[in-house]
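Residue numbers (our numbering), protein chains in the order written: chain A, 30 to 476; chain B, 161 to 1094.
Every residue, glycine too, gets a C-beta built ideally from N, C-alpha and C.
This one's a predicted model, so the numbers in the text were calculated from it and none came from an experiment.
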Amino acid sequence: MAEHDLTQRMIPSLDRQLVFPLLEFLSSRDVYQADAILQAKVELLSGTGMVDYTGELYKQLHNTDQLPAEFDEKRAALIKQLTESEHKTKHIREVIENPEVADALRQDKLQNMKLLQDSYQCTPEMVLELYSFGQLQYSSGNYGGSADILLHFSILSTDPELTLSALWGKLASEILLGNWEVGLGDLLKLREIIDKTHFKTPAEQLQQRVWLLHWSLFVFFNHPKGRDGIVETFMLPHYVSTIQNACPWILRYLVAAVITNRRKRNMMQDLVKTIQQVSYMYQDPVTEFVEALYVDFDFDRAAAKLEECESVLENDFFLTHAVDDFVENARFFLAEVYCRIHKRIDMEALTTRLNMKSEDGEKWIVKLIRESRMDAKVDFKEGTVIMNSSYNPVYQQVIERTRNLVFRSQVLNGAIDKNSNPNKKDDAKQKGKQPRAAKRQETAVAA
Amino acid sequence: MSRFFQNVNDSESSDSDFSSSSDSEFSENELEQKQKQTSTAASGRFARAAYDSDSDTDVKRVMKNPREKQMDEAVKLSTDILKAMRTDEWQAVSVDYEKLLPVVKKLTNLLKGESLPRVFIRCLAKLEDRTIKDGMNKEQLSKLKAADARAFNKMKQRMRKDNKSYAKDISAYRENPVDSADEEASAANAAVESGSEDEDQAVPSMQTARAVPKAKQAARDSDMDSDDSQWDMDDSEVSSSESEDERQVGFSRWLKKAPTKDEGSAKKTKKDRSQRSTPAPAPQADADEDDGFTTVGKGGKVAKKVEVTAESLNKHLKAIHDARGRKGTDKKETVVMLGSLLGVAGNALQRCKVLMALISAQFDESSSQSYMPVEQWKRSQSSINELLSTLEANRQLSIFETADAHDDDSDVSYAGEEATLRGSVVSFIDRLDDEFTRSLQTIDPHTPDYIERMRDSVPLYVTIARAQSYFERAALQESLCRVVLRRIEHLYYRTDQVNSQVEAAAAALETSGESRIVSGGDIESVVHGLCTFLYQHADPLLRMRAMLMHIFNHALHKRYYVARDLLLMSHIQESAHQADVNTQVLYNRALAQMGLAAFRLGLVREAFEHTVELMSSGHQRELLAQGVGQMRTQQLSPAEEQLQRQRQLPFHININLELLECVFLTASMLIEIPFMASANANPETRRTATCRVFRRMLDYNERQVFLGPPENTRDHIMAAAKALADGDWLAARDFIQAIKIWSLLPDCEEIKDMLASKIQIEALRTYLFTYSTQFESVGLDDLATMFDLSRGKVYSLLARMVYQDELQASLDEVSGVLVFSRANFEASSRLQQTALMMSNKVNAFADINERMFELKNNGGQAPGDRQGNADQGGRGQGDRDSRSNYQRGPGGGNRDAQRNRKDGGAGGNRNNNGRNTNNNRRGGGNQQRRGGRQ
C-alpha cells in the first residue's frame, strides 16, 4: 500500500510538529517498517525543542538507556533560553493581560503601539521578544502557551511578515491542541491574508497556499463542518491552480470531501475536469474512481477502484475515519450515474457492481429510489428497475418558455411609460409589442 | 589592382548592389541633363548649323543602304527605350520595344553573324536590370500610372523570355560595360540628330584610346576630367563628331567587343562618378598610375610597406581606429593593415586589441551588402575564435564594455599581469550569429548553397559555446545571458537526435568548453540547464524568450503537458503582446508547436485550441515570420516590408505550414462534423460553428458542381469530412490516412492509428446524432460491429452522450439497446421543432428589448449591466453573445472569460482565473496579430 501513501509527499509542506501525528498514525499501520518510522520520528523531533521525548524515542530506537551528551546540552540551553525569554516578556505579558489595556486597543496597530509605549513602557523590542518566546513555547511542545502568546503578538506587531508567521504558529498550535473551531477561524484569517498580501514573487504566494492547503486538512477533516469548508476553499480558482501546479495529491482529499458531502454534488463536474488535467502526473484509486465513473463511464472499473479506495483510505491519516462514509456515498454516486444513463437496470448486475449481496442491494436500491425521489419502479418478477424518463412534451416546453413573456413585456411597457422622454417611449413601445404578438402566435402553434 | 579602377567597375556593373546601380543611374541622368544643357547652350552657336545639318542628314538618309537604315532604326528605338525607361514611361518602352524587335530581327539577317549594335544590347541589358534584377518594389510600382505599371509587368515577362536569345551578347556586355555611358551619350546625340560632318578630329584620339588598357584609361579619364575647360570648349564638337563617326565608319565600332572609349563624352560621366563615390582620389590615382596600380590607400594614405613594430602598434591602431567609419576609408585596406599588425603584436594584450579592431573591421567590410559573403564570414569567425583562444590562454585578461581604454604604450611591456580591455565580445558573437542568419535568409533554401551554409552552424555553435564558457569564467553576467540565449536559439528548434549529432560534432571541434551551467548529459538537460540559468539570472525579456524556446522544445519532443504547464505557469500569455515582434513570433511558434504536440498525443481538442487563433487569422506566414503574405503587402510601406523581411526565419527553422494546416483541419473535422450533426438533429443547441475556417472550406467544397478525386491535403480532409458526416468511417479513415504529409511527423504510424480510432468514435457519434430521429432503438452490438469498436467502448461512448444530454435516449441494460426517448420523437416533427426555435427566439427578442431599454435609460454603464444580464439569464444567449463579442476583438476579453467558465474550458484550458489559458491566449493572440503586422 506504500505507493498510495502520501505522507512523504506531504511532509515538505508541513511543520515538524504537524508531521508527528502523521508518523504516529503510520506506526499504527503496517505500511512501513516500524524501525524506519521510529528513526524518522527521532530525526523529526531532534529539530524541535521536545528534547525529553526525543530522548525517549532515541532510547527506544537504539535499545539503550544511554543518551548522547548533546541531549543534555540541548536541554540545558533550551531551558536557559526559555527562562530568559520568559523573563524578558514578563512585563509586556502582564500589560497585555490587563483588561484595561485590552479595552484600549483599537484597530490601528501603530496607534496601539504608541499607546503601549506611552502609558506602559513597552518597546517594540519587547513585542519582538514576545514572538521568539512564542516560538520557543511552540517548539518545546507547550502549544497552549504558544497559541496565546502568538495571538497577542499578531495583534500588536506592525511587521506584516512576522504577523503572518505568528499566525501560522498559532494555527499549528491550535491544530495540535485540537481546537478545531478556533483553528478554522485562524485558517480563514490566514487565507484572507495570503490572498490579499502582495508577495514578492508569485512563487512565494504559491508556497504559502501550498502550506495552507496541507495544514487545513487537519482542520477540515476534524471540524464538524469541515467538509463544506474544504470544498469551498479548495475549489476557489487560486487553490485549484495551486493544486494543479504544486500538489496534485491534495486532489484525493478534495475528491473525498466532495463525495462524502452530497450537498456539494454539483462540484463534481469541475472536479472531474481538474482530475483529468492532472491525471498525467498524479493518479490514485480515488481519482481513478472518479475518472472511471465520469469520464469513461466504465462501471466495472469504477467498482474495482472503489474497492481499492477502501484500503487506501484506511491507511490515510486524514481519511481513515471517513472510509465508511466515503464508500457509502461513492456507491450512491455510482448508482446515480447508472440510473441516469439507463432506462432498464438489471438489479443483479447493479448490486454486484456496488459490491453488495443481492438482498442488501435490493434494499439499498429501493432506499435510494425513495430518498432521491427518482421516478423509478422495481419490476420484481424480472428483477429489474425501470426508470421513467420524464421528458417534457414539446407543448409543455413551449408553454413554459413563453409563460413569463407577457409579464416581462408588461414590466417593460410600464417602465417605458414611466420614462418621460416621449421619443424613447414610442421607440421602445413598438418593440415591446412585438414579443407579445409573437407569443400569441406561439401559443397558437403549440395548441 | 587599382582601387580607383575597382571602384569604377563597381559602380558600373550596376547589378546586385542597389545603391551603386542607383548611383550610376543617377549620374546618367545627370549626364543627360548636362547634355541637354550643353545643347541648349550651344544652340546659340549652332542653332543655324543644327537646322542645316538636319536637312542635310535627311537627304543623306535616303541614300543609306538597308543595313544602315535598320541599324539606325534600331539605335533610335533603343535610345528611345532607354530614355523612356529612365523616366518610367513604361508604356512608351513597351511600344518601342515591340517596334524594335522586328527591326533587330531584320538587322540580324543583314549583319550575317556579326554582333548586334551595342546600343541594342545595352538597351536589353538595362531593361533586364531594371525589370528583373532590380524589380520594383510595391511602392514604386504604385507610384506609376496604372497603364505604366501594366506595361512594366509585361516588359518584365518579355524580358525573361526574349533575353535568352541574346544572353551571350548581354553577358559579353556585362563584362565590359565601361563604355556604356559614352554610347548612351552618343546615342542621345544621334537622337537629337545634331550632326555636322566635318569634325573628325576626335576620331583618331578615340581610336588610340581604345587601345589603351582599361586601367590606364580610367586614370587618363580622370586626368582629363581635371581640366573642365577642354570639355566646355569642344563638347558639342565631340559629341556631334561621335554621331557622325557612327555613320561614316559604318558601324565598325559596334562590332568591336573590346571596350570602346569615347573620352569626349565619357569623361563627364567619369567625373560625376568619381566625385560621387571617391571624393579625392583622382589626383592620387594620377600620381600612382605609374607604379603599376599597386595598392592605393584611402584618402591619400598609401599603404606602403609600413614598418610596424610592437612599439608603434598602438599608434597604428589608433590611426585605424580614428579612420574607422570616416568617409573614404578603405575597409579592405584596414583589414589588411590589421592583419599585418596582428602578425607583429608581441603579447596577448596587444593581440587582443588588434583582434578586436580586426573583427570590427571585418564586419565593417560587408556593411553595405545584404549579407556577409561566406568567405568573409568565415574569416571573421576564425578571428573571433582566435580572440577567444587568446582569452582562454590568458586568463588574466578580460574584456568588457566599462573597462578603461588602454591607449597608453605601456602594454608593450605587458607581462601577464591582470589587465582589462574595453570592448564587447558578446557583440561580436551577436553580429556573427546575425550575419549567419541573414545569409540564410537570403540564400534560396532549395539550393545546395543553403546546405553548404548550414554546415557552418556547427562551428558557429562551438564559437558560441566557447564564448559562453569565457563569459562564465569572466563573470560577465549580462553577456553570459545573451550568449546563452544565442546558444538556446541554436538548439531549441532541433530534435534531440539532431542536437546530439551537433553536440558530438561540436565536442570534436571544441578545445576547452567547461561550463557550470550545463555539464554534458543529454540534450534535454542541456536545454533545461541553459533555460533555467536564464530564468534565474536574465532580465524579463530574455527570460521570456528562453521560456518560449523551452516550451517549443518540450512541445517538439511531445512533452505536451510539460510545455503546457510551463506556458500556463509563466503567465506568458498575458505579457506576450507587450513584447517585441520577434518575441511575439516566437510565442506564436511555441503555440503552433504545442498544437502539433497535442495532436501527436491524440488531444484533438487541445490541438485545435492551440492552432485555431493562428490558422483562422489568415496571416500564418506573417505571424510565424515564415514569408511575407500576399495580400497585406500592398498596405505596407517599403520600410515596413523591409523590416518584415528581416524578421523572416531561416528556412530550416520554419514550422511546416502545410502540416500545421493539415493538423488544424483534421482536428477541426473531428470536432466540427459531430457538432454539425448534433446541431442539425437538435435545433436548440447553438448553431454557431466552433471553427469557421473549416466550415467555410466545407461549404465551398460542397458548392462545387464537379469534384475530382482529392489531390492535395485539403481535398483529402474535405472528402474525409463528407464521408464522416455520412457515417462512412472507413472511407474517412482511408482519406485521412492517404495524406502524405503525416510522414513529416516523427511517429507517423501511431498517429494514423490514433486518427483511425478517433474517426471511428466521431463517426459513431455523428451517426447517432444524424439518425437519432429515425430510430426507436439501436442495438449496442450492431453499433459495435458497424464501427468496428468493442462493445465496452460503444457502451461508454453512449453512456457519456446520454449523461451529457447530447442524446435524448437511455440505455436498456437488459436487452442491450439504446432506446431513444419519446420526447425525441415528438420533437422530430418539423412544426414542433420550428415552434421550439420560435419560442427561443422570442425569448431572445424580449431579452434584447430589455437590454436596449436599460441601455437607453442607464446610458454609459450598460456593458456591465448586460454582462450581468447575460449571466443571470443564462438563456443560452450568454454563450452566443460572448462568442460573437470575441470575434469583434480584444474588447470582448472579459466576456470571453465568462464563456470559458461556462464552457468549462473544454480542453486544455484550466478554467480558473489564475491560468485561464483560453482567454489569455486569445487576448494575447489578438494583440499578436497586430504586432505581426507592425
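Of the listed residues the options, nearest to residue i (C-alpha basis)
| i | options | result |
| --- | --- | --- |
| A/K138 | A/E129, A/Q234, A/Y82, A/H181 | A/H181 |
| A/E365 | A/R382, A/T77, A/L300 | A/R382 |
| B/V253 | B/S975, B/K316, B/R227 | B/K316 |
| B/E249 | B/L267, B/Y963, B/R290, B/E546 | B/R290 |
| B/K718 | B/R227, B/A757, B/A706 | B/A757 |
| A/D327 | B/V954, B/L978, B/R990 | B/V954 |
| B/K513 | B/L477, B/S530, B/E525, B/E535 | B/L477 |
| A/F249 | A/T192, A/I178, A/I279, A/T112 | A/I279 |
| B/L287 | B/E663, B/Q601, B/E966, B/A244 | B/A244 |
| A/I304 | A/R291, A/Y282, A/R292, A/K293 | A/Y282 |
| A/L200 | A/D188, A/L213, A/P189 | A/L213 |
| A/E388 | A/M376, A/L397, A/I398, A/R399 | A/M376 |
| B/K900 | B/A891, B/W889, B/K912, B/N1018 | B/K912 |
CB contact check: residue i to chain B, cutoff 8 Å
| i | result |
| --- | --- |
| A/H33 | no |
| A/K458 | Confidence in A/K458 is poor, its pLDDT being 49 and thus under 50, which makes the residue's placement too unreliable to answer from. |
| A/V427 | yes |
| A/L397 | no |
| A/F228 | no |
| A/Y311 | no |
| A/K372 | yes |
| A/Q46 | no |
Outcome for residue i when other beta-carbon atoms lying within 10 angstroms are tallied against a minimum of 16
| i | result |
| --- | --- |
| A/V435 | exposed |
| B/Y621 | buried |
| B/D725 | buried |
| A/I272 | buried |
| B/E535 | exposed |
| B/E525 | buried |
| A/Y268 | buried |
| B/R613 | buried |
| B/H710 | buried |
| A/F409 | exposed |
Any chain A beta carbon closer than 8 Å to residue i
| i | result |
| --- | --- |
| B/R719 | no |
| B/N1018 | no |
| B/F1013 | yes |
| B/N545 | no |
| B/Q1032 | In this prediction, B/Q1032 has a pLDDT of 39, which is less than 50 and means its spatial position is unreliable; what the coordinates show is noted afterwards. No, its Cβ sits nowhere closer than 8 Å to a Cβ of chain A. |
| B/L727 | no |
Whole-number beta carbon distance between residue j and residue i, since they are thought to touch under 8 Å
| i | j | result |
| --- | --- | --- |
| A/I370 | B/V686 | Incorrect: roughly 51 Å between the Cβ atoms, too far for contact. |
| B/L702 | B/I732 | With a Cβ gap of about 13 Å, B/L702 and B/I732 do not count as contacting. |
| A/I259 | A/R238 | So it is not a contact: roughly 14 Å between Cβ atoms. |
Through-space distance from residue j to residue i, alpha-carbon basis
| i | j | result |
| --- | --- | --- |
| A/L342 | A/M297 | 19 Å |
| B/D308 | B/P810 | 35 Å |
| B/S730 | B/L817 | 27 Å |
| A/H243 | A/S42 | 7 Å |
| A/E32 | A/D329 | 23 Å |
| A/V156 | A/F263 | 35 Å |
| B/E684 | B/Y721 | 15 Å |
| A/S175 | A/T36 | 26 Å |
| B/S932 | A/R294 | 30 Å |
| A/G84 | A/D44 | 20 Å |
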